[in-house]
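Quick note: the first sequence uses our numbering, first residue 783, plus one each step.
Ideal Cβ positions, reconstructed from N, Cα and C, are used throughout, including at glycine.
Worksheet: the structure to be examined is printed underneath.
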Amino acid sequence: MYDSSSTEKKWQAKWEEAKSYVIDLKKAKDPYFSHVMFPYPSGDKLHVGHWYNYGPADSFSRYQRMLGKDVFCPFGFDAFGLPAENYAIKTGVHPDDSITTNVETMIIQLKRIGCMYDWDKMVNTSKPEYYRWTQWLFLQMYKNKLAYRKDANVNWCESCKTVLANEQVWEGKCERCDTDIVLKPMTQWYWKVKDYAQKLLDGLENLDWPEKTKTMQRNWIGRSEGMNFTFKVKDSELEFEVYDSVPQTYRAQTFAVIAPEHPMLLSLIKGQKNEKEVLDFIERMKVKKATQKYNFDEDLEGVFTGRFVEFVTGDLPLWVASFAVMDYGSGIVNCSAHDERDFAFAKKYDIPLHVVMVPEDEAEAEKVRNLEYCFFKDPQGVMLEPEEFKGRRWGEVRQDIIKYLEKEGIGYPTVQYKLRDWSISRQRYWGAPIPIVYDPEGNPHPIPEEHLPWELPRDVDFKPTGVAPLAASKELLERTEAIFGKGWTPEVDTMDTFVCSSFYSFMYLSTEGYGTKFTNASPTASDREAQFIDPTIEKNWMPVDMYIGGPEHACMHLIYSRFVTMALKDFGYVSHEEPYKRLIHQGLITNGGAKMSKSKGNVVSPDAFVEQYGSDVFRMYLMFMGPFEGGGDWSDTGIKGIDRFVQKVWKLFGETEESEETKESKEVEVKLHQTIKKVTEDIERLHFNTCISALMELMNTVEKHKTFNKNLALTVAKLLSPLAPHLAEELWEKLGGPAYAKATGSKEGFVIDQPWPTYDEKMCVSATVEVAVQINGKLRGTITIDAAASEADVITLAKEVPNVLKNLEGKEIKKEIYVPGKLVSLVI
RNA sequence: GCCGCAAUGGUGAAAUGGUAGACACUAGGGACUUAAAAUCCCUUGACCGUAAUUGGUCGUACUGGUUCGAAUCCAGUUUGCGGCACCA
């Protein structure tokens, strides 16, 4: 009987004692960097989802290690963020205290999984040793003009007098007091991700990432090619650039719309007779846009500004419209009859439309001319205007019209991206303080590096008061004045937690235990001189060879990380521009079809299962559920099957004495080679489920043949090592693995340090194979043949099968197909 | 609305152009046992047939197509899941 509990404790202690998973980053010869997306250290226990992510990811890393690589698997905590702050508001426990406790308890739980984490290099983003570099990153962005300040709308609750994160807005209302949210402009810090849009797009080509994720990023970046036109405001000096992705139909433009939050709008409407009406509309939109539940038909609305813009097609009325987006193009849209939304808007407000393209069919063309429906983006559309292109097709005329417009000086080609600059300011306490101070005139100045870490003050009240929590800190203000002078004030916003996580892979490489040694002491001289990362280590270890985590980060975290890495390369601090070479998303484990969450009360704890069956069995059960990337619905039926398998392995190999050794039969030998092949190939593609079934088949064969053979058993221990590390070590030790390793010249010690077993392709084929015989594609029998039999012999044999003979009677064979070792197909 | 992915027994699933349902779970039957648990053996896609067997028909969401042969490739449809969503 295999006792998982004591065995697992034993090996975890041995691994730790031997520092088996601690990697010397400088000495490594064949670096393989593999880590999972680091978690938020919540106070809850590890749930099935954590295990489903970390267990298989560890199995993959262990396999890489047995291939002889220096595998580095660090772990860390994304420790800043709202939950700890909300907990502080509720209980008064300081986030630093609750997070420190949570990290400690989480590490204890994580160690029970038995992963090969190098805990010496753990990071915790909320510790000054870490966020000092978050702030350093901000300063680099600032110095290189990738950081700037801009007014932007934030979700504002008038009753709580506070800024709310998007997650705290529930159907347009404050989640705490149910007051309607309004958009309020506040000055915020932005990073220029948009400058890297094209690079982010191009870089995707060479990444070994799921196609789905790459597609999502491409859509998120949203590259669009088109033209810019210039609109001059009538009776004014103002001019606008206007982006058009469909310049073919430029002559159809009969009006233009401007976004309600456009900064030029107020000066435009000043003194116009509908000024009041427009102002009301703007106010209404502020509330409405905050509610974030738009309906295409109902919410299409606008007001005439009283202004006109001049264009080659004449003077176009300028409207303020709900659908105009400030952050795309210039915030002003040219509108025509050949856009569904423009068409609907014009119909609603009786704005004249002008048709310049019709369907080929004359009856349909007449309907379009009469504006019965909107005709748009049809490659077969026949152009009516401009005169030079009359009669040509919409689908082929584009490039020629673009050239023509450029020549005529009407517009010029441009590219637009949907990607927006990254707003990194948060009016929150529990985050890295933005390293900026303001002089008495209110101008921002970067805090010199020698003052980093610019520490998060502790003397704040967490209860929302209407200002950012840091604004209430006396210590922070005094510190600022002491260093910079009277009248100077600190920036009171903190950084988005996505900033902290955008460069943490580098921190694993550049630190020996950030977050574990913080003593509240002032930074030492060596701290100040420390470099972001050792260039040699960075060059050898980056990019991360295997990065595993949830698909929910496909766009945010994974775009920000790529952007930051590209920027750091441009600044000269790192040598790679992509952080993650290979990416895998584990699937989601649901319960009753729903995502596990505390509020639904359907979170499954692994504890009871691990207690009863052990970590290895639980890990393998999760892997056996299906392909890693598929996830699935939780059910505990079936974990018994894995437990039986583990017990069977132990019974056959762990409890058999050497004296009972038998000769390996040919069938077992072939099965072993087949299994090595299958397991190797399937670990590579993260199909752990079929690795396990292959091993089950092998054990069933061994059981059937009552074979006990030491070499076989040692090989099985190696094959099991990535999937069931504790069982494999126990087996290895029991079978005298270390002595065997010594005799064969490989490293003594753990099974994890043994070379991965190899197979012989020739040995994967048995002497005889079963071949199917089909007649017209229908199975009519099987024959067992010598694997080396010739095609002619096999076909002759196939025709002698009684059932085949019966079916062939009186029929003429037209065609004979032989697929070697698989089947014979006869066509009659 | 747009983009992407998926659909196979009672259940998780396997098979990526070549014997559909490997490997497990559940259920039923049997052995062992005073009994239970554990363990072992048998049956387990549906239907028909036979005294019996290596018998037959249907079957991978649906409708077609390509092919000697399709769960797999192609076209269309339905349903479900995920993401984006007024992007001019």
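Simplified DSSP assignment, three categories, for residue i
i, result
"Pro835", "As written in the sequence, residue 835 is Asn, which differs from the Pro given in the question. Correct three-state label for Asn835: helix."
"Val1356", "coil"
"Pro1228", "strand"
"Val1172", "Reading off the sequence, residue 1172 comes out as Lys, not Val. Reduced to three states, the DSSP call for Lys1172 is coil."
"Phe1300", "Confidence is the limiting factor: at Phe1300 the pLDDT is only 39, short of 50, which leaves the residue's position unreliable, though a coordinate-based value still follows. Coil."
"Lys955", "strand"
"Ile1577", "helix"
"Glu911", "helix"
"Ala1307", "Residue placement at Ala1307 is poorly supported in this model, since its pLDDT is 46, which falls under 50; the coordinates still yield a value, given next. In the structure shown, Ala1307 sits in a helix (DSSP, three-state: H, G or I)."
"Pro1272", "strand"
"Gly1295", "Caution is warranted here: a pLDDT of 49 is assigned to Gly1295, below 50, making its placement in the model unreliable, and no coordinate value can be reported."
"Asn1384", "coil"
"Gln1198", "strand"
"Ile1599", "strand"
"Val1583", "coil"
"Glu1591", "coil"
"Lys872", "helix"
Those residues which DSSP pairs with residue i across a bridge
i, result
"His817", "Tyr1329"
"Ile1040", "Val1102, Ile1114"
"Ser1548", "For Ser1548, which the question treats as bridged, DSSP gives no partner whatsoever."
"Gln1556", "Leu1561, Ser1607"
"Asp990", "Arg1364"
"Gln970", "Lys932"
"Asn906", "Phe859"
"Ser1207", "Met1277"
"Asn1471", "Paired residue(s): none; Asn1471 is not in a bridge."
"Ala1376", "Asn1373"
"Trp938", "Val945, Val964"
"Ser1006", "Gln1198"
"Lys1422", "None; Lys1422 has no bridge partner."
"Ile1567", "Val1551"
Cα-Cα separation, residue i to residue j
i, j, result
"Val1060", "Val1039", "13 Å"
"Ile1610", "Asn1558", "7 Å"
"Leu1020", "Leu807", "59 Å"
"Tyr1362", "Pro1409", "22 Å"
"Phe815", "Pro856", "9 Å"
"Met1139", "Gly1163", "6 Å"
"Ser1417", "Gly1375", "11 Å"
"Leu982", "Ala1574", "58 Å"
"Arg1364", "His1339", "15 Å"
"Gly985", "Thr882", "38 Å"
"His1120", "Pro1161", "13 Å"
"Lys792", "Gly896", "11 Å"
"Val1015", "Thr944", "39 Å"
"Thr1276", "Thr789", "47 Å"
"Asn1302", "Asp860", "Residue confidence is low: Asn1302 scores 40 on pLDDT, short of 50, so the model does not pin down where it sits. Its coordinate-derived value is still stated next. Asn1302 and Asp860: Cα-Cα distance of roughly 20 Å."
"Gly1224", "Leu864", "29 Å"
"Phe1314", "Leu1350", "10 Å"
"Ser1292", "Met1478", "43 Å"
"His1469", "Thr1462", "10 Å"
Integer Cβ distance of residue i from residue j, believed to fall under 8 Å
i, j, result
"Tyr834", "Gln1368", "6 Å"
"Ala1569", "Val1551", "5 Å"
"Ala1034", "Val1137", "7 Å"
"Phe920", "Cys1282", "Their Cβ separation, rounded to whole angstroms, is 11 Å, which puts Phe920 and Cys1282 out of contact at 8 Å."
"Val1583", "Ile1595", "14 Å between Cβ atoms; not a contact."
"Ser1205", "Gln922", "So it is not a contact: roughly 18 Å between Cβ atoms."
**Request:** Would you check if there are 3 or more beta carbon pairs closer than 8 Å linking the segment 1187 to 1198 to the segment 1137 to 1157?
**Result:** Verdict: no, contact absent.
**Asked** Can we say the segment 821 to 831 touches the segment 884 to 898, given the rule of at least three CB pairs closer than 8 Å?
**Response** Result yes; three or more Cβ-Cβ pairs closer than 8 Å.
**Prompt:** Counting pairs of Cβ atoms below 8 Å between the segment 1276 to 1290 and the segment 907 to 927, do you hit three or more?
**Reply:** Because the criterion of three Cβ pairs below 8 Å is met, the segment 1276 to 1290 and the segment 907 to 927 touch.
**Prompt:** Per the contact definition of three or more C-beta pairs closer than 8 Å, is the segment 1125 to 1141 in contact with the segment 1065 to 1074?
**Reply:** Contact between the segment 1065 to 1074 and the segment 1125 to 1141 is absent, because fewer than three Cβ pairs lie under 8 Å.
**Message:** Would the segment 1498 to 1514 count as touching the segment 1529 to 1540 if we require 3 or more Cβ pairs under 8 Å?
**Reply:** Of all C-beta pairs linking the segment 1498 to 1514 to the segment 1529 to 1540, three or more are shorter than 8 Å, placing the two stretches in contact.
**Asked** Touch check for the segment 1329 to 1343 and the segment 993 to 1000: three-plus C-beta pairs under 8 Å?
**Response** The segment 1329 to 1343 is in contact with the segment 993 to 1000.
**Asked** Quick one: any contact between the segment 1423 to 1440 and the segment 1479 to 1496, if contact means 3 or more CB pairs under 8 Å?
**Response** The answer is yes - the segment 1479 to 1496 touches the segment 1423 to 1440, with three or more Cβ pairs under 8 Å.
**Asked** Counting pairs of Cβ atoms below 8 Å between the segment 1022 to 1037 and the segment 1104 to 1121, do you hit three or more?
**Response** Taking 8 Å as the limit for Cβ pairs, the verdict is that the segment 1104 to 1121 does touch the segment 1022 to 1037.
**Message:** Is it the case that the segment 1388 to 1405 contacts the segment 1512 to 1519, given that we only count it when at least three CB pairs across the two stretches are under 8 Å?
**Reply:** Verdict: no, contact absent.
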